[in-house]
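Numbering (the numbering used here), first residue to last: 13 to 70.
Each residue gets a CB set at the ideal place from its N, CA and C atoms; glycine is no exception.
On a predicted model such as this, the values are computed, not experimentally measured, just so you know.
What follows is a set of notes on a single structure, which appears directly below.
And the structure:
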């Protein structure tokens, strides 16, 4: 499924706008920029793991 199809499924289930990680409401600004967002900013950061310092390579 595409991200938009998954978002449509959340709309149909009544869970759209709720973070799949913590269950909190996803900020409206985030949803306006990324209507397919499934996680709040904090949970998305945790999901992605630690970021690499600038200038580092794989």
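Residues that DSSP places opposite residue i in a beta bridge
i: residue 30; result: 37
N-terminal and C-terminal residue of the alpha helix (DSSP H) that residue i is part of
i: residue 21; result: 15 to 25
i: residue 59; result: 53 to 60
Test: residue i CB closer than 8 Å to a CB of chain C
i: residue 42; result: Absence of chain C from the displayed structure is noted, only one protein chain being present.
Contact belief for residue i with residue j at Cβ below 8 Å, rounded distance in angstroms
i: residue 55; j: residue 39; result: In fact, because the Cβ distance is near 12 Å, the residues do not count as touching under 8 Å.
i: residue 19; j: residue 28; result: 6 Å
Close Cβ partners of residue i (< 8 Å) along its chain, the five nearest in sequence each way excluded
i: residue 13; result: 21
Of the listed residues the options, nearest to residue i (C-alpha basis)
i: residue 31; options: 24, 48 and 16; result: 48
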